[in-house]
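*Asks:*
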Amino acid sequence: MNYKIDLLYRGCLNVLPFTEELNAMNVFPVPDGDTGSNLFHLFSAIKEQYEEYEIDKELFIDTILTYSKGNSGAIFSQFMMSFLSFSDEENQKAFITAANHAVIETVSSVTEPKEGTVLTVMKSWIQALQQKMDHGKSILELIQDSLGAVKDSVERTKNQMELLAKNNVVDAGAYAFYLFLEGMSSTKVKNHTRTASSVRKTIMPDKMMDHGFDSVHRFCTEVLIKNVADINEIKQRLMDYGDSISCIGDANTHRIHLHTNAPDQVLGYLKEEGSIVYQKIDDMQRQYEMRNARKGNIAIVVDSACDIPQKDLDHHQIHLLPLQIEVNGMTYLDKVTLTPETFYDLNETSDVMPKTSQPAIKKIKETYESLLQNYDYVLSVHVSKELSGTYNLCRQVAKDTGDDRITVLNSKTLSGSFGLFVLELAEMIEHGHSIDEIVNESEQLIKKTEILVSVPSLEYMVKGGRVHPVLGKIGSAINLKPVVSVDGEGRSLLYGKTVFRKSNMNTMLKQIKAVHKRHTIDKYVLLHAHGEKWLPILEKEMTAITGNAPLYTTSVSPVIGMHAGKGAVSVAMLLKEENKRGEK
1 MNYKIDLLYR
11 GCLNVLPFTE
21 ELNAMNVFPV
31 PDGDTGSNLF
41 HLFSAIKEQY
51 EEYEIDKELF
61 IDTILTYSKG
71 NSGAIFSQFM
81 MSFLSFSDEE
91 NQKAFITAAN
101 HAVIETVSSV
111 TEPKEGTVLT
121 VMKSWIQALQ
131 QKMDHGKSIL
141 ELIQDSLGAV
151 KDSVERTKNQ
161 MELLAKNNVV
171 DAGAYAFYLF
181 LEGMSSTKVK
191 NHTRTASSVR
201 KTIMPDKMMD
211 HGFDSVHRFC
221 TEVLIKNVAD
231 INEIKQRLMD
241 YGDSISCIGD
251 ANTHRIHLHT
261 NAPDQVLGYL
271 KEEGSIVYQK
281 IDDMQRQYEM
291 RNARKGNIAI
301 VVDSACDIPQ
311 KDLDHHQIHL
321 LPLQIEVNGM
331 TYLDKVTLTP
341 ETFYDLNETS
351 DVMPKTSQPA
361 IKKIKETYES
371 LLQNYDYVLS
381 VHVSKELSGT
391 YNLCRQVAKD
401 TGDDRITVLN
411 SKTLSGSFGL
421 FVLELAEMIE
431 HGHSIDEIVN
441 ESEQLIKKTE
451 ILVSVPSLEY
461 MVKGGRVHPV
471 LGKIGSAINL
481 KPVVSVDGEG
491 RSLLYGKTVF
501 RKSNMNTMLK
511 QIKAVHKRHT
521 IDKYVLLHAH
531 GEKWLPILEK
541 EMTAITGNAP
551 LYTTSVSPVI
561 GMHAGKGAVS
571 VAMLLKEENK
581 RGEK
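Here UniProt numbering is used: the first residue of the sequence shown is 1, the next is one more, and so on.
Set out below in structure tokens:
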């Protein structure tokens, strides 16, 4: 086996036990506390590949491109790839040349490299290697001799960047690189249960600070892309969308990393520059909150068919699992890389009906595992199982974790009524209710929800499999405009079928009046699928019926809008009494 692969493997092993310490000291480029987790994700994959297969350069690099994660993961990935790509001669001169090549390539992979980071320490290491070169020693002895200078360089990062100095901490990536080199220099695989006590005495402060989340950009965005014409031009253009940009890869495949507030725009640009084969978006603000500013001991997770404004998701620290939606052969993450503002125009250019699918299993698993490290319980709530396979999929993933602290609920509804249900659960969490109390109350809360949707046509519901094709064919023939709801089990329900949109709206309002008379509407929200023009009418009528303004008004997610159709509007309600949905 290539000796450099052995070195990298030992380096990876040595970092794995320090995951939580690296997370704790992570303040740059944003204090999202995931440096250790991202490196663990990459290095544990390398460990598995090394130990289970006769790994070669090609498989090693493929593993790197597949499992690289986050800013730190991108930097270490580029270092390892570049180190492997240069001379395999096993002597000091060749080793130093390969290491220098790797550091140069790694620094150049970052659009705006800063002093006081892992990149600074990497350059210090090369200087130390060149100064310590002694042909009478082995490569391992050379690395060992360089560690003192590297450690000093790591300690200096605390004073080279204002953010690090303010928090009295060294750069987490730099510290990880020191540990990585320490592992490379070892003559045997070290015990994974070791602690960092010997190093932290001089490098880590005794007490970590709450750094606060003050990043300009919120979303850590990573895209694996093939067949690009000019990666350097792409790197420059990406500066218009965010920062912390790095690009790693080879002639055929690149993994792009950046922090941005507009992952949908980034994906929109990149899909015109090459073939996107993978995308991952992490909400760094939510990552920070779950580690440093939790509102309770129960995490709440929803899929993107839950329509709640972003400000309310943020207020209650609700975690999002985006469904996937395919438009024009391109797969997007609902509400994340495909937003309501762009979906309808994009959909109109497609000759085929968009396709939807559940959240990726890997994303569900990673979300649950991360939350379980920071919360006592996870409450995962999903769109009606009669309309999507998401609930059943999440139940299976939760079961596979082997951790009974995850509870998966079927909301038996969708969109705005799903949102109102979740907000009630979030309020209960924040008021200190136990997981058992919340689960016991949930069934009664579900029965108090109602949603009525005015759709402009049955066309999209038929194509999406939400309405029987025979009924759809008849409805389309006479241009039927129904009012849509869900029954007590969360199945689609049609009534008030009209030919004219105004009649359709009147039918919906008549039904709402009947619901209010029977059960009293406690709260309601208004939603639309690019149908804003109907909202003033709806709000006026609903205020007259209930005496109250809507709790909020928002657009529905693309995955809901594609089934309801452009122009659809809805009223979702939370009632004071349990409701038999669909009752006339």
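We put the CB at the ideal spot given by N, CA and C, even for glycine.
Nothing here was measured: the structure is a model prediction, and the numbers come from that model.
Give the single residue among E115, G296, K158, S503 whose Cα lies nearest to the Cα of E430.
*Replies:* Here residue 430 corresponds to residue number 430 of the sequence shown, with the count starting at 1. Among E115, G296, K158, S503, the Cα nearest to that of E430 belongs to G296.
*Asks:* Kindly confirm or deny that the stretch 246 to 253 and the stretch 11 to 23 touch, where touching means at least three C-beta pairs closer than 8 Å.
*Replies:* no
*Asks:* Look at the alpha carbon of P113 and the alpha carbon of S485, and state the distance between them as a whole number of angstroms.
*Replies:* Translated into the one-based positions of the sequence shown, residue 113 becomes position 113. Translated into the one-based positions of the sequence shown, residue 485 becomes position 485. Near 54 Å, if we compare the C-alpha coordinates of S485 and P113.
*Asks:* According to DSSP, is D345 part of a helix, a strand, or is it coil?
*Replies:* The count along the sequence shown starts at 1 and reaches residue 345 at position 345. Correct three-state label for D345: helix.
*Asks:* Could you work out which residue in T413, K280, V455 is closest to S442 when comparing CA atoms only?
*Replies:* If you number the sequence shown from 1, residue 442 lands on position 442. Closest by C-alpha distance to S442, out of T413, K280, V455, is T413.
*Asks:* Where does R255 sit, in a helix, a strand or coil, going by DSSP?
*Replies:* Here residue 255 corresponds to residue number 255 of the sequence shown, with the count starting at 1. It is a strand residue.
*Asks:* Among the candidates I325, Q131, L333, Q285, whose CA atom is the shortest distance from the CA of L313?
*Replies:* The residue given as residue 313 occupies position 313 in the sequence shown. Here the closest residue by C-alpha is Q285.
*Asks:* What does a CB cutoff of less than 6 Å around A398 pick up in its chain, not counting 5 residues either side in sequence?
*Replies:* Along the sequence shown, one-based indexing puts residue 398 at 398. Once the five neighbours on either side are set aside, the close Cβ partners of A398 are I406, V408.
*Asks:* Mind reading off the beta-carbon distance from R581 to D487? Whole number of angstroms is fine, and I expect it under 8 Å.
*Replies:* Translated into positions along the sequence shown, residue 581 becomes position 581. Translated into positions along the sequence shown, residue 487 becomes position 487. With a Cβ gap of about 5 Å, R581 and D487 count as contacting.
*Asks:* Between P263 and V216, how many whole angstroms is the CB-CB distance? I'm expecting something under 8 Å.
*Replies:* Along the sequence shown, one-based indexing puts residue 263 at 263. Along the sequence shown, one-based indexing puts residue 216 at 216. At roughly 15 Å, the Cβ-Cβ gap does not stay under 8 Å, so P263 and V216 are not in contact.
*Asks:* For the stretch 103 to 120 and the stretch 74 to 89, state whether three or more C-beta atom pairs, one from each stretch, are separated by less than 8 Å.
*Replies:* Taking a contact to require three or more Cβ pairs closer than 8 Å, the stretch 103 to 120 and the stretch 74 to 89 qualify as touching.
*Asks:* By the three-class DSSP mapping on this structure, what secondary structure does residue 585 have?
*Replies:* As displayed, the chain neither begins before 1 nor continues past 584, which places residue 585 out of reach and without an answer.
*Asks:* How should G148 be labelled, buried or exposed, when 16 other C-beta atoms within 10 angstroms of its C-beta is the threshold for buried?
*Replies:* Your numbering for residue 148 matches position 148 in the sequence shown. It is exposed - the Cβ of G148 has fewer than 16 other Cβ atoms within 10 Å.
*Asks:* When burial is assigned at 16 or more other CB atoms within 10 Å of the CB, is H135 buried or exposed?
*Replies:* In the sequence shown, the residue the question calls residue 135 occupies position 135. Per the 10 Å Cβ criterion, exposed.
*Asks:* Could you tell me how far apart the beta carbons of residue 588 and N100 are, in whole angstroms, since I believe they sit closer than 8 Å?
*Replies:* An answer regarding residue 588 cannot be provided, because it is not within the stretch 1 to 584 covered by the chain.
*Asks:* Out of P536, T543, I537, state which residue places its alpha-carbon closest to the alpha-carbon of H516.
*Replies:* The count along the sequence shown starts at 1 and reaches residue 516 at position 516. Taking H516 as reference, the option from P536, T543, I537 with the minimal CA-CA separation is T543.
*Asks:* Please return the same chain residues whose Cβ sits closer than 6 Å to the Cβ of R491, not counting the five positions on each side in sequence.
*Replies:* The residue given as residue 491 occupies position 491 in the sequence shown. Contacts found: E386.
*Asks:* For residue 645, which three-state DSSP category applies?
*Replies:* The structure shown has nothing for residue 645, since the chain only spans 1 to 584.
*Asks:* What does DSSP give as the partner residues of A299 in its beta bridges?
*Replies:* If you number the sequence shown from 1, residue 299 lands on position 299. DSSP lists V378 as partners of A299.
*Asks:* Can you name, in chain order, every residue of its own chain whose Cβ lies under 8 Å from the Cβ of A360, other than the five neighbours on each side?
*Replies:* As a position in the sequence shown, residue 360 is number 360, starting the count at 1. Q324, listed in sequence order.
*Asks:* Less than 8 Å between C-beta atoms, sequence neighbours within five positions excluded: which residues of the same chain meet that for Q396?
*Replies:* As a position in the sequence shown, residue 396 is number 396, starting the count at 1. Here the set comprises nothing.
*Asks:* Nearest to G567 by alpha carbon, out of G402, F180, D345?
*Replies:* Translated into positions along the sequence shown, residue 567 becomes position 567. Residue D345 is the option with its Cα nearest to G567.
*Asks:* Go through its chain and collect everything with a Cβ distance to L8's Cβ below 8 Å, but skip five positions before and after it.
*Replies:* In the sequence shown, counting from the first residue as 1, residue 8 sits at position 8. Correct list, in chain order: I46, F60, M80, F83, L84, M184.
*Asks:* Going by beta carbon distance, what residues of the same chain come within less than 7 Å of T260, once the five residues before and after it are set aside?
*Replies:* Translated into positions along the sequence shown, residue 260 becomes position 260. If the five residues before and after T260 are omitted, its C-beta is found closer than 7 Å to the C-beta atoms of H217, F219, T221, Y241, G242, V266, all from its own chain and listed in chain order.
*Asks:* What did DSSP end up calling E450 once you bin it into helix, strand or coil?
*Replies:* In the sequence shown, residue 450 corresponds to position 450, counting from 1. Here E450 sits in strand by DSSP.
*Asks:* Indicate the three-state DSSP secondary structure (helix, strand or coil) for V277 in the structure shown.
*Replies:* For this step, residue 277 is matched to residue 277 along the sequence shown. Strand, per DSSP.
*Asks:* In this structure, does DSSP put H519 in helix, strand or coil?
*Replies:* Position 519 of the sequence shown, counted from the start, is the residue given in the question as residue 519. Note: H519 maps to helix in three-state DSSP.
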